[in-house]
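Residue numbers (full-length UniProt numbering): 1 to 272.
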């Protein structure tokens, strides 16, 4: 058996799919599309006429001041928040349609939150294998093999048998990333994944995210880490007052954003 066949057999499903797509020269597909989306909390409008698309393999970073609607935008993608009107299409599925099976859709969307939400009474390995076994109905052996693959990827395979309270904040967030990846999603969503971490821990989490981006994972990231946005993003969305007012490349955004509000934001965050 040749080396290529061996690699394909032993790679987890996500890696296998990615390699097959590359070999077949698969065209770029649209994974996420907001069409005239609005979102209200009572009388308060938090998202205003959102129109944006995310292609397969893109890394889109969403930045902006607090309260601008960034996290709400992200959470609408897997319907942790529901839109009020407009259309939201994810993987050719109408998220806004009441008939959509959201549990099925969420199997292909990993999410990493500001807080880690690990089960304190379960080991790292058990935290990662729980959803694949319960939701994807795979065997414990297969789930553990996949979990160890992703623990290796995030750099802490030796922590498989320990409990969350025995880990640093950065290590806990890396476990949370591995947990999301273990479901072998097409899309990863990150909602301010470093904002609850000590400054010394931020780099280790960002390094994992950079690796995922280089490997072609489709990512939508809400963050205040401007260095990460500049280095890793394919596109930057700048939000203010519930609207996307810049949708551009990192080079353009950091050198000469079109909107005065974006220029003011950058002057404040880059000079402190």
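We put the CB at the ideal spot given by N, CA and C, even for glycine. Since the structure is predicted, the reported quantities are computational estimates derived from the model, not experimental observations.
Between which two residues does the beta strand (DSSP E) holding residue i run?
i           : result
residue 34  : 30–41
residue 58  : Segment: none, residue 58 is in no beta strand (DSSP E) and carries neither H nor E.
residue 218 : 218–222
residue 246 : 243–248
residue 87  : 85–90
residue 112 : 109–112
Report, in whole angstroms, the separation of the C-beta atoms of residue i and residue j, which I expect to be a contact under 8 Å.
i           : j           : result
residue 102 : residue 126 : In fact, because the Cβ distance is near 25 Å, the residues do not count as touching under 8 Å.
residue 222 : residue 191 : 5 Å
residue 84  : residue 38  : 5 Å
residue 109 : residue 33  : That pair is no contact at about 14 Å.
residue 54  : residue 31  : 6 Å
residue 135 : residue 107 : 6 Å
residue 170 : residue 220 : Not a contact, Cβ separation roughly 22 Å.
residue 35  : residue 81  : About 17 Å separates the two Cβ atoms, so there is no contact after all.
residue 124 : residue 162 : 6 Å
residue 259 : residue 245 : 5 Å
residue 173 : residue 193 : 6 Å
In whole angstroms, what is the alpha-carbon distance linking residue i and residue j?
i           : j           : result
residue 129 : residue 64  : 35 Å
residue 112 : residue 177 : 6 Å
residue 175 : residue 154 : 8 Å
residue 57  : residue 200 : 29 Å
residue 138 : residue 132 : 6 Å
residue 166 : residue 148 : 18 Å
residue 164 : residue 114 : 16 Å
residue 195 : residue 224 : 8 Å
residue 253 : residue 188 : 23 Å
residue 151 : residue 43  : 44 Å
residue 271 : residue 67  : 21 Å
residue 94  : residue 203 : 36 Å
residue 8   : residue 157 : Because the pLDDT of residue 8 is 39, which lies under 50, any placement of that residue in the model is unreliable, and the number read from its coordinates should be weighed accordingly. Distance between the alpha carbons of residue 8 and residue 157: 22 Å.
residue 105 : residue 159 : 30 Å
residue 96  : residue 45  : 17 Å
residue 249 : residue 264 : 18 Å
residue 60  : residue 186 : 14 Å
residue 182 : residue 266 : 36 Å
Count the other CB atoms, across all protein chains shown, that sit within 10 Å of the CB of residue i; report buried if there are 16 or more and exposed otherwise.
i           : result
residue 119 : exposed
residue 262 : buried
residue 99  : exposed
residue 233 : buried
residue 29  : exposed
residue 121 : exposed
residue 251 : exposed
residue 184 : buried
residue 229 : buried
residue 235 : buried
residue 315 : Lying outside 1 to 272, the shown extent of the chain, residue 315 is not represented and no answer is given.
residue 255 : exposed
residue 140 : exposed
residue 212 : buried
residue 214 : exposed
residue 47  : buried
residue 144 : buried
The alpha helix (DSSP H) that contains residue i, what's its start and end?
i           : result
residue 269 : 260–270
residue 273 : With the chain represented from 1 up to 272, any question about residue 273 goes unanswered, as that position is not in the structure.
residue 132 : 124–134
residue 104 : 102–106
residue 73  : 70–77
Shorter than 8 Å from the beta carbon of residue i to some beta carbon of chain C?
i          : result
residue 96 : No chain C appears in the structure shown, which is made up of a single protein chain.
Any beta strand (DSSP E) of 3 or more consecutive residues that is wholly inside the stretch 171–241: Every beta strand (DSSP E) stretch that sits fully inside the stretch 171–241 and reaches 3 residues is listed by chain position as 187–191, 218–222, 235–240.
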